[in-house]
């Protein structure tokens, strides 16, 4: 049944019914008291999620817009940034910096792996002249299904003194992100990931160190200017008209998340991710990401032998209503990806692996159709 | 009754129930076939609304983001732009250009008036060396309730050869905007105005001349880059994850608008605007905008003698559920504004003027409480 979809991609993710309906409320004045109350509640919730005492701004735009905001607010043309990349989104962060005149040195790691904190420390230790102004890194690399260990990398960067700018677009809430404790200076999250709300907003945490850097930063900026965001937030507003429905939805989603609890939310993501990995392997498929770097938000799977990823995805979508993602960048046709972040339950995981088993079999791949679902169930049983 | 609101501000505007519900549909893959079909339908509809054969892009962001896009895609640092401003939003357009290193010469007109095409012609005629690369102008100045005559100004600018960049954020659909016939090079519209959908998207029409200028333009850009928008549009996608609910809503709103018809939509806005002006004056209040420049989207009214605008707005909101806007910029406390664009009906106008009459009386302003509604009704009768 094509109409009923199980949306198992790494964003947009499924939205809870109460959150969908919160977005359908009549519009209000974005410069009036009702909006100010919502913005205040949302901001408090975001600070708890980011684990920060610093500012968190709600900006209208995609995650990429949030990354642009991180760059243009803290750096100047000619500044040197160290891009620590493990995939397409790490590379994109570097491309944004380059577009604004930042000199970018790349420290790339194999796709499917996480960055090695030791090699980052080595490179930063060699920078005795402190030329490196910022380190750019993704927490969860959506394109490969590998995650970086920011608990280890944060202190390494802080030791050097560079700013640490983090693409946390698909990681926040799917895994722990301790902005203050780990020394992260700018953290960007996206609404359409584990926040369980539709795309349209990004959330940006800004440390005091980033704020100080901003005073010196000369890349031109207007729409993304954090100073405007802060100035208006103090009045209960955003500088430019915000995506009001998504702000309604953010407030509702935060209420749901607080009922679950942050640590329980991380644990759920870890549990579902383990079940997906077990199920995929039981079907005779190979995981792309290295096990110890495997993401709790998305699982990348190598293309089954003899089956085109496009055919597999199409059959899953049209016959079973299960929507998976393909690969991106240079591994576009080599992998497919299962998103399991946000409003995703145990049942969704079991259903996805069941449909995957059926579709693989139908496309001539030798597998026990029920083995994936069975292995997932076993993993969930714990 | 505070809960039931009549939202009479110049954006966000009221949203039709079917449009609200269209936004509450479950999420879909923004890189899948369902989204491509929606994007194609929306783009065709937008081109009809912009009256253009050129590209119209859907960008996720506020109208201010669209203005930033207009600047960063077409100009270079050091370029000279002529800012034709009649209020806060004209000034903002100039501020954005300045933020990106454009030299801005201002040609300001009295707030409440429209720009004089003759004076624009004079200034451009004096620019024999063709130093002026672009003219920046608003079609509808939301802060004053005055509109510019782009049918007259477009050809004047084309004669000189500068690009004409238009802030049409609050004008599109509330008044005619003939992008191709009038020679407008970039036109920016906002979703939360007469399009009758919530904020979150802006729409940007780009002429061939703007496209050619873009090849030379060197202001750094990434998120707002029209080249990325065009590249992805050809594949049925947006470069970055879009505000999917607002795209669902745009498609539904365009269907409603096409049933009404573009010319009927303009006529409705003109008719409602006349009724508002008649009603306000019948209450003994004074219009701020000059009659021949009065906007069909928003009406500005001078503060009633002896009544603080803030008190009037608060009483209207809390007792009568009618939400009006205050002033902006240097006329913040001197006027209030009634928005009458988008999903606004004859009844809404009558109700607003009735409530205004009651509130004025209650605040000690000598007026016949029913005179406003009566005059509006008479005007609507034609």
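Residue numbers (our numbering), protein chains in the order written: chain A, 43 to 424; chain B, 43 to 424. C-beta atoms are modelled at their ideal positions from N, C-alpha and C, and glycine is treated no differently. Predicted model, so just to flag it, every value in this text is computed and none were measured.
Query: Amino acids of chain B, ordered along the chain, whose beta-carbon sits closer than 8 Å to that of residue 263(A); Result: 141
Query: Spatially closest choice to residue 201(A) from 148(A), 184(A) and 225(A), by CA coordinates; Result: 225(A)
Query: For residue 416(A) and residue 19(A), the rounded distance between their alpha carbons; Result: Nothing about residue 19(A) can be reported from this structure: the residues present for chain A run from 43 to 424 only.
Query: Within-9 Å CB hit, residue 343(B) to chain A; Result: no
Query: Helix, strand or coil at residue 174(A) [DSSP, three-state]; Result: strand
Query: Cα-Cα separation between residue 249(A) and residue 265(A), rounded to whole angstroms; Result: 20 Å
Query: Selection of the stretch 290-301 of chain B by Cβ proximity to chain D, strictly under 8 Å; Result: Protein chains in the displayed structure are A and B, and chain D is not among them.
Query: Residue 159(A) and residue 261(A) closer than 9 Å at C-beta; Result: no
Query: Given residue 155(B) as reference, the closest of 183(B), 170(B) and 136(B) once Cα atoms are compared; Result: 183(B)
Query: Minimum Cβ-Cβ distance from residue 57(B) to chain A less than 9 Å; Result: yes
Query: Residue 231(A) - containing beta strand (DSSP E), residue span; Result: 228-232
Query: Local conformation of residue 116(A) per DSSP, three classes; Result: helix
Query: Short Cβ contact (9 Å threshold) for residue 50(A) with residue 343(A); Result: no
Query: Other residues of its chain near residue 9(A): CB distance less than 8 Å, five sequence neighbours each side excluded; Result: Nothing can be reported for residue 9(A), as the shown portion of chain A is limited to 43 through 424.
Query: Under 8 Å from the C-beta of residue 66(A): neighbouring residues of chain B; Result: 62, 63, 65 and 66
Query: Proximal chain A residues relative to residue 138(B), where beta-carbon distance stays under 9 Å; Result: 264 and 265
Query: Same chain, Cβ closer than 7 Å to residue 393(B), neighbours up to 5 away in sequence not counted; Result: 48
Query: Beta-carbon proximity check, residue 346(A) vs residue 284(B), cutoff 9 Å; Result: no
Query: CA-to-CA distance, residue 117(A) to residue 316(B), given in whole angstroms; Result: 51 Å
Query: Reduced DSSP secondary structure (H/G/I, E/B, other) of residue 344(A); Result: strand
Query: Nonlocal neighbours in the same chain, by C-beta distance under 6 Å from residue 274(A), ignoring five residues either side; Result: 280 and 281
Query: Through-space distance from residue 326(B) to residue 230(B), alpha-carbon basis; Result: 36 Å
Query: Neighbour-count burial assignment, residue 333(A), 16 or more Cβ in a 10 Å radius; Result: exposed
Query: Under the three-state DSSP convention, the category residue 292(A) falls into; Result: helix
Query: Residue 381(A) and residue 321(A) closer than 9 Å at C-beta; Result: no
Query: Run of the beta strand (DSSP E) containing residue 246(B), from where it starts to where it stops; Result: 243-248
Query: N-terminal and C-terminal residue of the beta strand (DSSP E) that residue 147(B) is part of; Result: 145-150
Query: Residue 139(A) burial status per 10 Å Cβ neighbour count (16 or more: buried); Result: buried
Query: Cβ-heavy atom distance, residue 178(A) to the ligand NAP, below 8 Å; Result: Although the ligand NAP was asked about, the structure shown includes no ligands whatsoever.
Query: Residues within the stretch 91-106 of chain B neighbouring chain A, beta-carbon criterion of under 8 Å; Result: 102, 103, 104, 105 and 106
Query: Between the CA atoms of residue 299(A) and residue 389(B) - distance to the nearest angstrom; Result: 42 Å
Query: Residue-chain proximity (residue 71(A), chain B), Cβ-Cβ < 9 Å; Result: yes
Query: Contact list for residue 51(A) against chain B, beta-carbon separation under 7 Å; Result: 71
Query: Three-state secondary structure (DSSP) of residue 188(A); Result: strand
Query: Option nearest residue 402(B) by Cα separation, candidates 377(B), 358(B), 418(B) and 371(B); Result: 358(B)
Query: Closer than 9 Å at the beta carbon, the chain B residues around residue 484(A); Result: With chain A covering 43 to 424 only, the question about residue 484(A) has no answer from this structure.
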